[in-house]
Structures are given as structure tokens and as C-alpha cells.
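A.B. asks: According to the numbering used here, the sequence shown is numbered sequentially starting from 26.
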Amino acid sequence: TNVWRDVPPGPPDAILGIAQAFRECTAENKVNVCVGAYRDEKGQPWVLPSVRSAEEIMLSSENKEYLPIEGDAAFVNKALRFAYGANAPLDRIAGVQTLSGTGACRIGGEFLSQFYSSKNILVPDPTWGNHHKIFKECGLTVGTYRYYDRSTNRLDLQGMLEDLRNAPDGSTILLHACAHNPTGCDPTDEQWDQLLDVIRQKQHLIFFDSAYQGFASGDAEADAKALRRVMDAGYPMLLAQSFAKNFGLYGERCGTLSVVCHDVAQKDILMSQLKCIVRPMYSSPPKHGSSIVRTVLSDEKLTQQYYQECASMADRIQTMRQRLVQALQNVGSSHDWSHISEQIGMFAFTGMSAEMCDTLTDQYNIFLTRDGRISIAGLNDDNLGYVAKAIHSVTD
Ligand code: PLP
């Protein structure tokens, strides 16, 4: 008997489905500017030399035992200091190792669903598409706040303030810690002042998603500024941290979820509950990625080397960003592309319509998401001129 006869096909993932289409495309001139993964100047994935060095050390020192439910405590300790700063009050931050940023959002969402009074979470419009699905799966009600004004290609501060004011008191507000995906547009210090005022008045709970620390400016300390400021000001907050992009550990699935607590005793209670969430989901996290991060961040020389390598990725992206704008001008585009120059992080949020994106894919074999987002790391000397010409032809 055919027991699965009535199962309908699921829809392809908005981003990973396009990556699949790219792999299947046989055209020689195809370009992948879809997925947010770093590529070197030859278009190849790059394993950081500091990561390779850590792996060499690990080869003779690491076994394959299970990690505890909460993960590698020494890794979590280093990871939280990386995010919250060297002097962070770790004795009152409950933190567990997670399956990268996605897993961190999921554990955080499950925790909120079980233990937080409000079941409303507001995510930016637009945001990383998976946020909607993750928090819905957790049983939360996912709403949006205005974030980006497509008519000016800039932050919609007034819209955002208004939506935060109109949300029910005590809602959870998901904020990107830096290098907002997909817009590349972060609030300035003064804008953070205004946002935090409203968040305090409304007693909202902040959930930071930090997937690009170090990747935005090249300096992990600078990129943690907003998060540390919120922490220091005593706001209640959660943090989902990913090491996929900044350490290039995509497939190793390495991250943390942490909750800032009132005191040490509360941290112990929350740790016990976080473990109760993890155990029936996957028992314990994978070991390789967290051992790499722990090894790098435990060795002063490797840490320094790592910081330089991370900065070199950010630099290449920043250079390609400016070169894309220049290349668009060189091929005769008279559009105002200044927003692309101003954006930060991995992406250029071009402002192209879904139809324009479709044309880029159908006629030029350039694969990108339909929101007009281009992963700058996918650009290099070989394809930059081609991509610029194609963008000019669809936006002219
Ligand atoms: N959060 C944001 C904003 C992202 O852009 C991403 C990845 O693209 C993630 C979280 C999670 O990625 P991962 O699960 O690979 O760490």
C-alpha cells in the first residue's frame, strides 16, 4: 500500500531553492549572488587559516565523546565574552551551545513560548526569511515592525518607532545586532537612543540576532556596540549568536543562545530549563565547530590572526561594494546607487523589483533572491562587469 499517497510536495526554500537552481544551471556565465556565504576573489569558499591551525591542534587532542546537553562550557564562555565583551557578567548570563544561529533562534523561541508572558514577537520588515518560520514553529505570534523605507532606501525610523509604540506592552522585539539582513542598514547611535526609549517605556523584551559580528566593520568589538550598550543599560535581553559567517563555519553549525538573568540563582534555573528544551530536540550539539572557536579564542596568537582574517573578509566585501557602484556608473547607469555604498555587511539591497530579479536569472543566469538582495561576496573580478551590465539593462 502507498501510505504517503496524499503527501503534497513542500514549497522550495526561498533562498536554498535558488542555490539549488544555481547548481543545476549549466550556463558558463552563471553567477551566484544568492546565499550569504563568503567567497574569495576567485569565487571559492575560504577556510580561515586560523581555523585550519586550530583543526591541526585538535587532530591530536580532541576525542569524539558527546558534549553535555548545554554544549562545551569553555566554548560558551569564550563565545559570550566575544559577544558581550571581556568584562561581561557571565555569572548571570545563561548560555547554551546551539546549532548555529538558526538553532539559537529556535531554542530562544521555544524558551519564550514556554516561559515568557507575551507570545508576541515582532521581527523587522524585511528580515531573514527564516525568522518568520522559526518563531511560528515555536508557537509564537509573529508580527512585523516597519524597518526599511523602499522609497528612500533608508531606515524607516518613524515607522519603526510607531510600530514599537503600538505593539502590546512587553512584546518581544527581534533586533539584528549589526549588518541587518537583507537591507545592510543599521540604526545610528542617535536612532538607537530613540528606539531604546520606546522599548523601555513599553517594557518590551529584546531578542538580538547576531549573525555578522565582525563581518560588518571588520572589527568584532565595534560590531557588538549596540548589543553591549543594551546590556550595560540593564535591558532584559536574549541573544542568538552564530559563528557561521564570521568564522566561516557554516556547515559546522556552531552558535549560542543566551539569556541575561537577574542574578546567579536565576541563571542556574534558566540553564536547567534550557537543557530541558535541548534534550528532546537533539540531545547535545555537534562538537567540531565549537572546539575550533574555543581553540582559536583560547590562544592569543590565533585570536589575533583570526581578527585579521575576519577583517580581510569584511574588507574585500567593502571594496567590492564600492566597485559595484563604480561599475554601474561605468556601464552608464544614471540611477542613484548611493544606498548600496552606505549599506554594510554581506549584502547589497539594491531596490530591484521581483520582476527585475527574475529577468536577471532568466536572461543572464544571475541567481539572487527576489527581494533584490545581492550577496556581495559572490562578486569578483571575473563577473563584476557582467553583473553591472545586467543590472543596468534591467533597471534602465
Ligand atoms: N540570522 C540571520 C539574520 C542570518 O542572516 C542568518 C543566516 O543567514 C542566520 C541568523 C542563521 O544562520 P546559521 O544558522 O547558518 O548560523
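Quick reminder that beta carbons are idealized off the backbone N, C-alpha and C, glycines included.
1. Can you check the stretch 249-310 for any alpha helix (DSSP H) of at least 4 residues that lies completely inside it and give the ranges in chain order?
2. When we look at the beta-carbon of Ile-170 and count the other beta-carbons within 10 Å, is it buried (16 or more) or exposed?
3. Got a sec? Which residues, its chain only, sit under 6 Å from Val-223 by beta carbon, not counting five neighbours each side?
4. Ends of the beta strand (DSSP E) at Pro-149?
5. Using a Cβ-based criterion (distance less than 8 Å to any ligand heavy atom), does Tyr-275 qualify as near the ligand PLP?
6. When you compare only the Cα positions, how much space is there between Leu-221 and Pro-261?
7. Secondary structure at Asn-390, three-state DSSP: helix, strand or coil?
8. May I ask which residues mark the beginning and end of the beta strand (DSSP E) holding Gly-35?
9. Look at the Cβ atom of Met-338, then the Cβ atom of Gly-110, and state whether they are nearer than 9 Å.
10. Quick one: measure Cβ to Cβ for Thr-197 and Asn-145, integer angstroms, because I've assumed they're closer than 8 Å.
11. With a CB to CB cut of under 6 Å and the five nearest residues on each side skipped, what residues in its chain are close to Val-58?
12. Buried or exposed: which applies to Arg-319, given that a residue is buried once 16 or more other Cβ atoms fall within 10 Å of its Cβ?
13. Let's see if you can read the secondary structure: which residues bound the alpha helix (DSSP H) around Leu-230?
14. Mark Ala-204 as exposed unless 16 or more other C-beta atoms lie within 10 angstroms of its C-beta, in which case mark it buried.
15. Using 10 angstroms around the beta-carbon of Tyr-173, count the other beta-carbons present and answer buried if the total reaches 16, otherwise exposed.
16. With contact counted as at least three CB pairs below 8 Å, one residue from each stretch, are the stretch 223-241 and the stretch 266-275 in contact?
17. Whole angstroms are fine: how far does the CA of Asp-406 sit from the CA of Ser-78?
18. Mind listing, in chain order, the residues whose beta carbon lies closer than 5 Å to a non-hydrogen atom of the ligand PLP?
19. Classify Tyr-91 as buried or exposed, calling it buried when 16 or more other Cβ atoms lie within 10 Å of its own Cβ.
20. Taking only three categories from DSSP, how would you classify Gln-238?
21. Kindly provide the ranges of any beta strand (DSSP E) runs that are 3 or more residues long and lie completely inside the stretch 145-217, ordered along the chain.
22. Just the Cα atoms here: how many angstroms apart are Ser-358 and Gly-61?
23. From this set, Gly-168, Asp-211, Asn-206, Leu-165, which residue's C-alpha is nearest Asp-181's C-alpha?
24. If you drop the 5 nearest sequence neighbours on each side, which residues of the same chain put their C-beta closer than 8 Å to that of Leu-299?
25. Who pairs with Gln-122 in a beta bridge, going by DSSP?
26. With the cut-off set at 9 Å, would you say Tyr-141 and Leu-230 are in Cβ contact?
27. Report the option in Gln-183, Ile-302, Asp-116, Met-371 whose CA atom is closest to the CA atom of Ser-138.
28. Rounded to the nearest angstrom, how far is the Cβ of Gly-376 from that of Asn-178, given a contact under 8 Å?
29. Smallest Cα separation from Ala-104: which of Ser-125, Phe-372, Asn-88?
30. Let me know if Ser-315 comes out buried or exposed under the rule of 16 or more other beta-carbons within 10 Å of its beta-carbon.
31. So, at 6 Å on beta carbons, what are the nonlocal neighbours of Asn-408 in its own chain, with the 5 sequence-adjacent residues on each side left out?
32. Assuming contact is defined by CB atoms lying nearer than 9 Å, are Leu-374 and His-364 in contact in what I supplied?
33. What is the DSSP secondary structure of Ser-359, reduced to helix, strand or coil?
34. Looking only at its chain, what residues have a beta carbon closer than 8 Å to the beta carbon of Arg-346, apart from the 5 residues adjacent to it on each side?
35. Between Gly-168 and Val-148, is the Cβ-Cβ spacing less than 9 Å?
36. Looking only at its chain, what residues have a beta carbon closer than 8 Å to the beta carbon of Lys-292, apart from the 5 residues adjacent to it on each side?
C.D. replies: Straight from the coordinates:
1. For the stretch 249-310, the continuous alpha helix (DSSP H) assignments of 4+ residues that do not extend past its boundaries occur at 250-257, 289-307, in sequence order.
2. Within the sequence shown, residue 170 is the residue found at index 145, counting from 1. Correcting the residue type first, residue 170 is Tyr in the shown sequence and not Ile. With 16 or more other CB atoms across the displayed protein chains lying within 10 angstroms of its CB, Tyr-170 is buried.
3. Here residue 223 refers to the residue found at position 198 of the sequence shown. In the same chain as Val-223, and ignoring 5 residues on each side of it, the C-beta atoms closer than 6 Å to its own belong to Leu-186, Leu-189, Arg-190, in chain order.
4. For the purposes of this step, residue 149 is taken as the residue at position 124 of the sequence shown. Residues 145-150.
5. Taking the sequence shown and counting its residues from 1, the one referred to as residue 275 is at position 250. Correct: Tyr-275 has its Cβ closer than 8 Å to the ligand PLP.
6. Locating residue 221 in the sequence shown gives position 196, counting from the first residue. Locating residue 261 in the sequence shown gives position 236, counting from the first residue. Taking the straight line joining both Cα atoms gives about 12 Å.
7. Indexing the sequence shown from 1 puts residue 390 at position 365. Coil, per DSSP.
8. By one-based count along the sequence shown, residue 35 stands at place 10. Neither: Gly-35 is in no beta strand (DSSP E) and is coded neither H nor E.
9. Here residue 338 is taken as the residue at index 313 of the sequence shown, counted from 1. Here residue 110 is taken as the residue at index 85 of the sequence shown, counted from 1. Result no, Cβ atoms of Met-338 and Gly-110 do not sit closer than 9 Å.
10. As a position in the sequence shown, residue 197 is number 172, starting the count at 1. As a position in the sequence shown, residue 145 is number 120, starting the count at 1. At roughly 7 Å, the Cβ-Cβ gap stays under 8 Å, so Thr-197 and Asn-145 are in contact.
11. Taking the first residue of the sequence shown as position 1, residue 58 is located at position 33. Here Val-58 has Leu-393, Ile-399, Ser-400, Gly-403 as same chain residues with Cβ atoms under 6 Å from its own Cβ, once five neighbours each way along the sequence are excluded.
12. Here residue 319 corresponds to residue number 294 of the sequence shown, with the count starting at 1. Classification of Arg-319: buried, given that the 10 Å Cβ count is 16 or more.
13. For the purposes of this step, residue 230 is identified with residue 205 of the sequence shown, where counting begins at 1. Note, Leu-230: premise wrong, no alpha helix (DSSP H); beta strand (DSSP E) at 230-235.
14. Locating residue 204 in the sequence shown gives position 179, counting from the first residue. That one is buried.
15. On the sequence shown, position 148 is the one that residue 173 refers to. Buried, since its Cβ has 16 or more Cβ neighbours within 10 Å.
16. yes
17. Indexing the sequence shown from 1 puts residue 78 at position 53. Indexing the sequence shown from 1 puts residue 406 at position 381. Each residue's alpha carbon lies about 29 Å from the other.
18. That gives Gly-61, Ser-125, Gly-126, Thr-127, Trp-153, Asn-206, Asp-234, Ala-236, Ser-267, Ala-269.
19. Position 66 of the sequence shown, counted from the first residue, corresponds to residue 91. Exposed, since its Cβ has fewer than 16 Cβ neighbours within 10 Å.
20. On the sequence shown, residue 238 is found 213 positions in, with the first residue counted as 1. Residue state, collapsed to three classes: coil.
21. 145-150, 166-171, 197-201
22. Position 333 of the sequence shown holds residue 358. Position 36 of the sequence shown holds residue 61. Cα to Cα, the separation comes out at about 26 Å.
23. For the purposes of this step, residue 181 is taken as the residue at position 156 of the sequence shown. Answer by Cα proximity: Asp-211.
24. Working through the sequence shown from its first residue, we reach residue 299 at position 274. Closer than 8 Å at Cβ, skipping near neighbours: Glu-95, Ala-119, Val-121, Ile-132, Phe-136, Leu-282, Val-284.
25. Counted from its first residue, the sequence shown places residue 122 at position 97. According to DSSP, which records beta bridges pairwise, Gln-122 is partnered with Thr-281.
26. Along the sequence shown, read from residue 1 onward, the residue named residue 141 stands at position 116. Along the sequence shown, read from residue 1 onward, the residue named residue 230 stands at position 205. Yes, these two residues count as a Cβ contact at 9 Å.
27. Taking the first residue of the sequence shown as 1, we reach residue 138 at position 113. Looking at the Cα atoms, Ile-302 is the closest of the given residues.
28. Here the question's residue 376 lines up with position 351 in the sequence shown. Here the question's residue 178 lines up with position 153 in the sequence shown. Their Cβ separation, rounded to whole angstroms, is 5 Å, which keeps Gly-376 and Asn-178 in contact under 8 Å.
29. Your numbering for residue 104 matches position 79 in the sequence shown. Answer by Cα proximity: Ser-125.
30. Numbered from its first residue, the sequence shown carries residue 315 at position 290. Per the 10 Å Cβ criterion, buried.
31. Counting from one through the sequence shown, the residue named residue 408 turns up at place 383. Within the same chain, Asn-408 has close Cβ partners Val-56.
32. Sequence index remark: in the sequence shown, residue 374 carries index 349 (1-based). Sequence index remark: in the sequence shown, residue 364 carries index 339 (1-based). The amino acid occupying residue 374 in the given sequence is Phe; Leu does not appear at that position. Yes; because the gap between Cβ atoms is below 9 Å, this pair is in contact.
33. Position 334 of the sequence shown holds residue 359. DSSP places Ser-359 in coil when its eight states are reduced to three.
34. Reading the sequence shown from its first residue, position 321 is the one you call residue 346. Here the set comprises Ile-365, Ser-366, Gln-368, Ala-373, Ile-401.
35. Numbered from 1 along the sequence shown, position 143 holds the residue referred to as residue 168. Numbered from 1 along the sequence shown, position 123 holds the residue referred to as residue 148. The answer is yes: Cβ separation under 9 Å.
36. Numbered from its first residue, the sequence shown carries residue 292 at position 267. Closer than 8 Å at Cβ, skipping near neighbours: Asp-116, Arg-117, Ile-118, Ala-119, Cys-286.
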